[in-house]
Ligand SMILES: NC(=O)c1ccc[n+]([C@@H]2O[C@H](COP(=O)([O-])OP(=O)(O)OC[C@H]3O[C@@H](n4cnc5c(N)ncnc54)[C@H](O)[C@@H]3O)[C@@H](O)[C@H]2O)c1
Ligand SMILES: O=c1ccn([C@@H]2O[C@H](COP(=O)(O)OP(=O)(O)O[C@H]3O[C@H](CO)[C@@H](O)[C@H](O)[C@H]3O)[C@@H](O)[C@H]2O)c(=O)[nH]1
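Put into structure tokens, the structure is as follows:
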């Protein structure tokens, strides 16, 4: 249940690796299901279309006939969205598990044979208890087992992550029936995942491990980003510091790239959820510790925009800024919580004009994000359509602009013809690299004034006061 970034790819891989299992992905959105049944899939993920095409119509189906598919299933995965609550108790922190509960209610209502219900959505610890209680309303007729099987795929690398996962985590009740349900799900994954990477735990450890894994990853990005600010202040170089750290096998070399800030639908939501759970369990010190990961991320995003304005003579009013990259990371078209929209919002508040290009994000999607993020501050931002131009490529975005802001690390930004770009820009031409993708020295030779997160300032520039 749920044909989104998780439900679609995970089920496509199960269908590919288990041709003997019939898999049907259902959703309440007809448009979403219709798209999954074409070659223009609703999400962009490298390698996904090939995997879908291999099984679609054989043992992989997409449907809105939710009742019928629940009835015929032995196992139901709940892969629906669990966003941060925007109103009510815990607003701004707690995860809203309304969609999970609705799925459980639907299963309870229509099931007439026993089922294993698998939480794949990321949920607050002890959600399985709520799911179990809702299902129990039908337990006179049918027996259910509830498992936790959180998903660890990252967008952009979802296919390799699913086909060769670092681990599969399955939590369940430690009763004979619970252990049998765990084994049923182990048997599915064992079709392609080595047994020593399939971890079985109790339900609560599994639910909590997912939140903690994301909190640790987000913490790493915030840690390196905090040091990027110190590098800029001391002429140390963040790439060199990351490299030096990464050689220590206890630290490891992954996830040490400083950036304009982390984005995506998961990190902020899941860390805030962890913070909320700590607060609700009477652990304010633990909550405050993890909240700092979010505070540091907010600081990094606003620090970047302040740097842009400061370096461009303390004003960007009326200036055109080319924004290269709008997705929250490369190789995805996803824009949820993308740092790009926060940077754009701040620039619009300074009355700049932004010209945005992203190879995978459609104009309509950009405006959904702008409306959502900038709409809250309508008084300070002029009409969005007048201030934002969306462009077909990096060159047209750059033309006539005063600065480039690189906000997603798309590979194509490394190999652009920067001489051509420089020639088409207003002078002095600035580059603000929020992802560490450009060759700083090569660009400075062309004539650009280049600022990069965590790197020293150009020696020839006149420092404006901090
Ligand atoms: N996006 C990721 O990379 C990722 C990775 C791991 C875990 N997760 C977690 O997985 C969950 C799903 O995330 P996502 O990114 O796939 O969300 P998504 O928004 O892309 O997809 C969710 C889908 O569920 C559908 N849906 C909502 N309520 C429904 C219902 N009652 N019945 C049937 N369908 C329903 C929606 O229409 C939507 O298509 C979240 O809890 C998320 O935190 C996401
Ligand atoms: O060194 C790094 C690594 C990542 N990022 C940023 O952090 C964000 C998240 O990146 P990533 O974790 O690669 O993508 P997600 O798709 O959000 O995946 C995370 O969130 C998923 C949803 O819960 C989990 O399943 C994954 O394991 C977890 O990596 C992005 O904005 C990245 O640009 C950095 O700035 N520096």
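Residue numbers (the working numbering): 6 to 471. A virtual CB, placed ideally from N, CA and C, is assigned to each residue, including glycine.
Rounded to whole angstroms, what's the CA-CA distance from residue i to residue j? Just pull it up for me.
i: residue 437; j: residue 430; result: 14 Å
i: residue 203; j: residue 21; result: 19 Å
i: residue 294; j: residue 220; result: 11 Å
i: residue 197; j: residue 390; result: 49 Å
i: residue 318; j: residue 310; result: 13 Å
i: residue 183; j: residue 73; result: 26 Å
i: residue 409; j: residue 328; result: 6 Å
i: residue 47; j: residue 7; result: 13 Å
i: residue 230; j: residue 156; result: 26 Å
i: residue 201; j: residue 172; result: 8 Å
i: residue 111; j: residue 77; result: 14 Å
i: residue 460; j: residue 260; result: 18 Å
i: residue 351; j: residue 342; result: 15 Å
i: residue 331; j: residue 346; result: 7 Å
i: residue 33; j: residue 463; result: 53 Å
i: residue 121; j: residue 212; result: 17 Å
i: residue 247; j: residue 258; result: 8 Å
i: residue 189; j: residue 80; result: 9 Å
i: residue 243; j: residue 233; result: 6 Å
i: residue 378; j: residue 348; result: 11 Å
i: residue 119; j: residue 149; result: 6 Å
i: residue 41; j: residue 61; result: 9 Å
i: residue 320; j: residue 272; result: 33 Å
i: residue 199; j: residue 174; result: 13 Å
i: residue 176; j: residue 154; result: 6 Å
i: residue 421; j: residue 205; result: 48 Å
i: residue 1; j: residue 68; result: Because the chain here runs from 6 to 471, residue 1 falls outside it and cannot be looked at.
i: residue 356; j: residue 305; result: 21 Å
i: residue 382; j: residue 91; result: The predicted model places residue 382 with a pLDDT of 49, which falls under 50 and marks its position as unreliable, so this point remains unresolved.
i: residue 442; j: residue 115; result: 52 Å
i: residue 433; j: residue 449; result: 12 Å
i: residue 471; j: residue 418; result: Note that residue 471 has pLDDT 36, beneath the 50 cutoff, so the model's placement of it is unreliable and the number below is only indicative. Approximately 30 Å between the Cα atoms of the pair.
i: residue 31; j: residue 187; result: 23 Å
i: residue 254; j: residue 222; result: 16 Å
i: residue 283; j: residue 55; result: 42 Å
i: residue 195; j: residue 19; result: 11 Å
i: residue 70; j: residue 365; result: 31 Å
Assuming the contact rule is C-beta atoms closer than 8 Å, residue i and residue j should be a hit. Round their C-beta distance to whole Å, please.
i: residue 84; j: residue 15; result: 7 Å
i: residue 435; j: residue 316; result: 6 Å
i: residue 100; j: residue 274; result: 7 Å
i: residue 127; j: residue 216; result: 7 Å
i: residue 89; j: residue 97; result: 7 Å
i: residue 147; j: residue 117; result: 6 Å
i: residue 66; j: residue 29; result: 4 Å
i: residue 393; j: residue 359; result: 5 Å
With distances taken between CB atoms, is the gap from residue i to residue j smaller than 9 Å?
i: residue 140; j: residue 151; result: yes
i: residue 337; j: residue 371; result: no
i: residue 133; j: residue 208; result: yes
i: residue 264; j: residue 414; result: yes
i: residue 439; j: residue 334; result: no
i: residue 270; j: residue 49; result: no
i: residue 144; j: residue 136; result: no
i: residue 402; j: residue 427; result: no
i: residue 93; j: residue 285; result: no
i: residue 178; j: residue 52; result: no
i: residue 400; j: residue 425; result: yes
i: residue 301; j: residue 456; result: no
i: residue 340; j: residue 374; result: yes
i: residue 256; j: residue 276; result: no
i: residue 57; j: residue 12; result: no
i: residue 159; j: residue 166; result: yes
i: residue 344; j: residue 266; result: yes
i: residue 326; j: residue 406; result: yes
i: residue 445; j: residue 423; result: no
i: residue 64; j: residue 102; result: no
i: residue 75; j: residue 237; result: no
Using a Cβ-Cβ distance under 9 Å, would residue i count as near chain D?
i: residue 88; result: The chain labelled as chain D is not found in the depicted structure, where only one protein chain is given.
Check your understanding: Which parts of the region 71-121 are runs of the beta strand (DSSP E), unbroken and 3 residues or longer, counting only runs that do not cross its ends?
Key -> 80-83, all fully within the region 71-121.
Practice item. Scan the region 379-434 and note each continuous alpha helix (DSSP H) run of 4 residues or more that stays entirely inside, going in chain order. Key: Listed in chain order, the complete alpha helix (DSSP H) runs (minimum 4 residues) inside the region 379-434 are 389-392, 399-403 and 423-429.
**Study point:** Start-end ranges of the beta strand (DSSP E) lying completely within the region 291-361, minimum 3 residues
**Key:** Fully contained in the region 291-361 are the following beta strand (DSSP E) runs of length 3 or more, in chain order: 325-329.
Review point. Could you give the uninterrupted runs of the alpha helix (DSSP H) lying entirely in the region 210-285, keeping only those of 4 residues or more?
Key: Listed in chain order, the alpha helix (DSSP H) runs fully inside the region 210-285 are 243-251 and 272-285, counting runs of at least 4 residues.
Check your understanding: Taking only runs of the beta strand (DSSP E) that begin and end inside the region 42-71, which ones reach a length of at least 3 residues, in chain order?
Key -> Every beta strand (DSSP E) stretch that sits fully inside the region 42-71 and reaches 3 residues is listed by chain position as 65-68.
**Study point:** Entirely enclosed beta strand (DSSP E) segments - the region 164-191, minimum 3 residues
**Key:** Runs found: 173-177.
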